[in-house]
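Q: Numbering (the working numbering), first residue to last: 508 to 938.
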Ligand code: SF4
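1) Is the beta carbon of residue 656 closer than 8 Å to that of residue 665?
2) On the criterion of 16 or more Cβ atoms from any shown chain inside 10 Å, does residue 630 qualify as buried, or is it exposed?
3) Assuming residue 610 is part of the alpha helix (DSSP H), what are its boundary residues?
4) Which residue comes first and which comes last in the alpha helix (DSSP H) that contains residue 902?
5) So what does DSSP say about residue 800, is it helix, strand or coil?
6) Which whole runs of the beta strand (DSSP E) in the stretch 726-756 are 3 residues long or more, in chain order?
7) Could you tell me whether the Cβ atoms of residue 619 and residue 590 are closer together than 8 Å?
8) Would residue 852 be called buried (16 or more neighbouring beta carbons within 10 Å of its own) or exposed?
9) Within 10 angstroms of its Cβ, does residue 685 collect 16 or more other Cβ (buried), or is it exposed?
10) Using a Cβ-Cβ distance cut-off of 8 Å, determine whether residue 792 contacts chain B.
11) With three or more C-beta pairs closer than 8 Å as the rule, is the stretch 513-530 touching the stretch 719-726?
12) If distances are taken between C-alpha atoms only, which option among 800, 569, 542 and 557 comes closest to residue 522?
13) Shorter than 7 Å, the distance from the beta carbon of residue 634 to the closest heavy atom of the ligand SF4, or not?
14) Roughly how many whole angstroms lie between the Cα atoms of residue 819 and residue 835?
15) Look at the Cβ atom of residue 705, then the Cβ atom of residue 632, and state whether they are nearer than 8 Å.
16) Mind pulling the beta strand (DSSP E) runs of 3 or more residues that sit fully within the stretch 628-667?
17) Tell me the rounded alpha-carbon separation between residue 921 and residue 764.
18) For residue 622 and residue 638, which I take to be in contact (beta-carbon distance under 8 Å), what is that distance rounded to the nearest angstrom?
19) Work out the CA separation of residue 626 and residue 924 for me, nearest whole Å.
20) Among 878, 874 and 829, which has the Cα closest to the Cα of residue 886?
21) Is it buried or exposed, residue 538, if we count other Cβ atoms within 10 angstroms and call 16 or more buried?
22) Count the other CB atoms within 10 Å of the CB of residue 774; is the residue buried (16 or more) or exposed (fewer)?
23) Going along the chain, which residues of its own chain have a beta-carbon closer than 7 Å to the beta-carbon of residue 795, five neighbours each way excluded?
24) Less than 7 Å between the CB of residue 823 and some heavy atom of the ligand SF4, yes or no?
25) Considering just the uninterrupted stretch of the beta strand (DSSP E) at residue 594, what are its terminal residues?
26) Taking DSSP's pairing of strands, which residues face residue 819 in a bridge?
27) Which same chain residues end up closer than 8 Å to residue 659 when comparing Cβ atoms and leaving out the 5 residues on each side of it in sequence?
28) Could you check if residue 546 is buried or exposed, using at least 16 other CB atoms within 10 Å of its CB as the buried criterion?
29) Roughly how many whole angstroms lie between the Cα atoms of residue 824 and residue 906?
30) Could you check whether the stretch 780-793 touches the stretch 751-762, counting it as contact only if at least three pairs of C-beta atoms, one from each stretch, sit closer than 8 Å?
31) Mind checking whether residue 674 and residue 596 have CB atoms under 8 Å apart?
32) Could you round the C-beta distance between residue 718 and residue 693 to whole angstroms and report it? I think they count as a contact, below 8 Å.
33) With C-beta atoms as the reference, is residue 551 less than 8 Å away from residue 771?
34) Sorted by chain position, which residues of the same chain lie with C-beta nearer than 7 Å to residue 798's C-beta, five sequence neighbours on each side aside?
35) How long is the line joining the alpha carbons of residue 583 and residue 519, rounded to whole angstroms?
36) Out of 833, 809 and 762, state which residue places its alpha-carbon closest to the alpha-carbon of residue 558.
Right under this line is the structure:
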């Protein structure tokens, strides 16, 4: 990633240069018709490297693009709208699930219309994010954003900065207040020197006065447990949403196209990428689920929540990214195999090609950052607890994984036992 681009985000209209060409990221605001999604897979093969990625926050990435390619025109030809700045993240089942099913889409449309007006505002921070959540099963409580709107019981709760637990609650709005409130927040962000949600929190009184005509006091809605995104969720029309994971966050476009063709053949109508590097197949007849699952497993998708591959979080790494000094994607299946029992209990390992930590910008129980930094309970830029070669790491993880004491949950972070590993220590001393 060049220094010129640091601090911004790649989009469809403004891709970034990486090690193997240009990278474009797209965050859909609605579920994607399966035929259009298959077309997007074609675009990845025709213009990019033939791989599609789904990020932790549920965006789609295409890599290996030439510097000059008009992806926006490609998207429009597929009937896929591109509106990408300020970034808008919405709960995947808005508009497809029951409950507040009309209210949340209306709120979404108001927010998007308002964001479109500000899309050219150069003073807005390029990383600014606006999030819309609702009461549907695949909620976004754990996803962080600058401005958080949550539809609940025909009202909208507003909070600033953080996730559902850490954000600062401002109160409740009626739907008529959504547009003026977002306009004023974006106005404050573009003129006040504040650039992100957390900056507004530092002058909360001024924000509250500005929004007072629309805000009502009230406790924020209760935060919810992390939803299981690899599973089945019933829709009010009797069909289901089937969630599948992308192993290590990416898939061959050909496999995704084959999966979407199969989903369409079985009666589903659309697909939505979702957080935790998942895709949600929408509108599937429940009786067709076993057939779709069988196809998905053959095509290398994650079909079971406890699949160890789900808990290896890897960035693109070498040779895809020019900053990388670790081949993270080649390493990821080896790590998933070596630490399969530990991983399947949901204790993640983060593989980062360098200290930037694109795939997980926060602490993990174990982070291995290229070329040799082994970090415990830290992010990719934290000081390493040890240095280890790839082969040492795999050997020690395998030993640890087979240790019954660790598997029984003897330590809060089972990977801490790597520090006591005799063979790793002796390898250190030989250096
Ligand atoms: S974390 Fe990975 S993708 Fe990000 S800059 Fe480093 S090597 Fe590249």
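The beta carbon of each residue, even a glycine, is placed where N, CA and C say it ideally should be. Note that the coordinates shown come from a computational prediction; the quantities given were computed from them, not determined experimentally.
A: A quick look at the data gives this:
1) yes
2) exposed
3) 610-625
4) 897-908
5) helix
6) 739-741 and 747-753
7) yes
8) exposed
9) buried
10) Given the protein chain composition of this structure (a single chain), no chain B is represented.
11) no
12) 569
13) no
14) 10 Å
15) no
16) 636-640, 654-659 and 662-667
17) 39 Å
18) 12 Å between Cβ atoms; not a contact.
19) 49 Å
20) 874
21) buried
22) exposed
23) 773 and 774
24) yes
25) 594-597
26) 856
27) 607, 641, 642 and 728
28) buried
29) 26 Å
30) yes
31) no
32) Contact doesn't hold; Cβ gap of about 12 Å is too wide.
33) no
34) 773
35) 11 Å
36) 762
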